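Enquirer: Here the numbering used here is used: the first residue of the sequence shown is 160, the next is one more, and so on.
In this text, a Cβ means the ideal position worked out from N, Cα and C, and glycines have one as well.
Keep in mind that this is a model prediction, so the values were computed, not measured.
Okay, handing you the structure first.
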Amino acid sequence: QTRTATQLPRRTGATSRRSDPRHESMDASHVAELLAQSYAVVQLDTYARAVVAAAFPVVRACLASATEAEPAAGGLITRRFAERAQLRLEPVRSPPATLGEGEAAIYACQVALTAVGLQALDAIRASGQVSALQVGAYSQRDAIFDAFTYSPGGPPAPSPAHFDAGLVTVIVDDTSALQVLTADEWVGVRLREGEAVVLLGRALSGLMLGESTCVTPGGAEAAAVVARAGAAGRATACKHRVVCPARPRLSLTVELVATEAGARAASEVLRASQNTTTG
160 QTRTATQLPR RTGATSRRSD PRHESMDASH VAELLAQSYA VVQLDTYARA VVAAAFPVVR
220 ACLASATEAE PAAGGLITRR FAERAQLRLE PVRSPPATLG EGEAAIYACQ VALTAVGLQA
280 LDAIRASGQV SALQVGAYSQ RDAIFDAFTY SPGGPPAPSP AHFDAGLVTV IVDDTSALQV
340 LTADEWVGVR LREGEAVVLL GRALSGLMLG ESTCVTPGGA EAAAVVARAG AAGRATACKH
400 RVVCPARPRL SLTVELVATE AGARAASEVL RASQNTTTG
């Protein structure tokens, strides 16, 4: 079965807020719900709305004209698959000195969506549930920008059910097709203009268990990490998929991922904490 997130009660006060995953911002007062549901829909600020709106036509044009794996200016790479096309902006510490108008729009979008993800991580850190996140993977991270186009008439699920490998993922789109799994039910996430959805990743589940070496597990191992987190009453990664859209869909995403250096730092802190506790 599936339902749509917009069918949930609208927030009118403290009681309905727990039922509606939409918030005007992501802060400590909302983190309990994010951790409980593994996703939340948030309002973008005025600046983020503007840069996201500017990026959509630029990305759409890039994907329409680019060929397979064609290097683009500013570190942009495009890929084509049978079921979708992808544009990726590899993690960089600073953009190139010279950017065209289009590339600048994409970099600005990456910065804006990254800020949303960092806000979510700040709220999670403030909750006190992820101490390793503060000193290891949290302080050494990368932001991966991806854009995907999907067309009607494709496979039923052009992006099958999966967990993202990182800490959190922020997504905006122009057509509803994203679904999240909650309580054994697929829920359609229908974003309005100016909204983004934040998904928790499997690296976060591992860190909350103290398993900082499980930053990027895959397959059955990834599912096992998420299952252990759920059994321990900790936040679980958001299982999600993209179904075949009713009309052409473009999504812009930023995934915050923990680096290997961050994982090693988190492991050292965990070991030190365990030694102090038992010593």
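Considering only the beta carbon of each residue, do A271 and L415 sit closer than 8 Å?
Expert: No, Cβ-Cβ distance for A271 and L415 is not below 8 Å.
Enquirer: Taking contact to mean at least 3 C-beta pairs separated by less than 8 Å, is the segment 274-287 in contact with the segment 307-316?
Expert: Because the criterion of three Cβ pairs below 8 Å is not met, the segment 274-287 and the segment 307-316 do not touch.
Enquirer: Hey, P314 and R400: beta-carbon distance below 8 Å or not?
Expert: Result no, Cβ atoms of P314 and R400 do not sit closer than 8 Å.
Enquirer: Note the first and the last residue of the continuous alpha helix (DSSP H) segment covering T273.
Expert: Per DSSP, T273 belongs to the alpha helix (DSSP H) from E260 to A285.
Enquirer: Report the rounded CA-to-CA distance for G360 versus A396, giving the unit in angstroms.
Expert: Their backbone Cα atoms lie some 5 Å apart in a straight line.
Enquirer: Measure the beta-carbon distance from V356 to V210 and round it to whole angstroms, keeping in mind my assumption that it falls under 8 Å.
Expert: Going by Cβ atoms, the distance from V356 to V210 rounds to 17 Å, so no, they are not a contact pair.
Enquirer: Taking the C-alpha atoms as reference points, what is the distance between A333 and G287?
Expert: One detail in the question is off: residue 333 reads as Asp in this sequence, not Ala. Rounded to the nearest angstrom, the two C-alpha atoms are 35 Å apart.
Enquirer: To the nearest angstrom, how far is it from the Cα of A362 to the Cα of L326?
Expert: Those two C-alpha atoms are separated by around 5 Å.
Enquirer: Applying the 10 Å Cβ sphere with the 16-neighbour rule, what's the burial state of E354?
Expert: Answer is buried; the Cβ neighbour count reaches 16.
Enquirer: Anyone know if the C-beta pair for T412 and T341 falls short of 8 Å?
Expert: No, Cβ-Cβ distance for T412 and T341 is not below 8 Å.
Enquirer: Can you give me the C-alpha to C-alpha distance between M367 and S224, rounded to a whole angstrom?
Expert: C-alpha separation (whole angstroms): 43 Å.
Enquirer: Beta-carbon within less than 6 Å of A244's beta-carbon, same chain only, minus the 5 sequence neighbours each way: which residues are those?
Expert: Contacts found: L222 and T308.
Enquirer: Ends of the alpha helix (DSSP H) at S364?
Expert: R361 to M367 is the extent of the alpha helix (DSSP H) around S364.
Enquirer: Which whole-angstrom value describes the C-beta separation of L409 and Y198, a residue pair presumed to lie in contact below a C-beta threshold of 8 Å?
Expert: The pair is not a contact, with the Cβ atoms about 20 Å apart (cut-off 8 Å).
Enquirer: Give a yes or no on whether the C-beta atoms belonging to V402 and A306 are separated by under 8 Å.
Expert: Cβ atoms of V402 and A306: not closer than 8 Å.
Enquirer: Along the chain, where does the beta strand (DSSP E) that runs through V416 open and close?
Expert: Counting along the chain, the beta strand (DSSP E) containing V416 begins and ends at R408 to A417.
Enquirer: For R351 and G365, I'd like the C-alpha separation in whole angstroms.
Expert: The straight-line gap from Cα to Cα measures roughly 32 Å.
Enquirer: Spatial neighbours of P404 within its chain, please: C-beta separation below 7 Å, excluding the five flanking residues on both sides.
Expert: Here the set comprises Y309, P311, T334 and A336.
Enquirer: DSSP state of F307, grouped into three classes?
Expert: Strand, per DSSP.
Enquirer: Bridge partners of D332, per DSSP?
Expert: S410, per the DSSP bridge assignment.
Enquirer: CA-CA distance, H321 and R247?
Expert: Going by the C-alpha atoms only, they are around 19 Å apart.
Enquirer: For Q269 and L193, I'd like the C-alpha separation in whole angstroms.
Expert: Cα-Cα distance, rounded: 22 Å.
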